[in-house]
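Quick note on numbering: the working numbering labels position 61 of the sequence shown as 43, and the sequence is numbered without any gaps. Every residue, glycine too, gets a C-beta built ideally from N, C-alpha and C. Just so it is clear, the structure is predicted and the values come from calculations on it, not from any experiment. The structure appears below as structure tokens.
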Amino acid sequence: MKDKRKSNKYILFPNEYIQKIISENYYKKSIQDIDNSDVNINHLENIFSNELYYLAMKIVPLLERKVLYLTYVENCKLIDICRRLKIQKKKVISLREKGIRHFKYNLQTLYKANNLKK
């Protein structure tokens, strides 16, 4: 009888379950951190504490920033973004891709400019 109690003392979970728990907790903490900052749909750039990242996001066009905000901060589905911004799915997908490209390009340009100053 004691052996059964000892064996029940440890519960094994599959790796996928553990990963899910960890990612959900990380996501919740990330969202809480975002809630504490001054981030909203019009000011996605405030999510960054790094000045170069902040500037790179700030010069991304507003509609592209809105799509990125709804996608990555509010974790909205494509159909929800379409409804909120009143635009078609293809346009949302295009704006998301352009927003990411613009952010990368801006970041690259700012890094180059920053290195030239030094």
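| query | result |
| --- | --- |
| DSSP three-state assignment for Lys40, whether helix, strand or coil | helix |
| Of the listed residues Ile23, Asn24, Glu33, nearest to Asn88 (C-alpha basis) | Glu33 |
| Through-space distance from Asn97 to Gln70, alpha-carbon basis | 40 Å |
| Backbone CA spacing between Val74 and Ala95 [nearest angstrom] | 31 Å |
| Nearest residue (CA-CA) to Arg78, options Lys99, Ile63, Glu27 | Ile63 |
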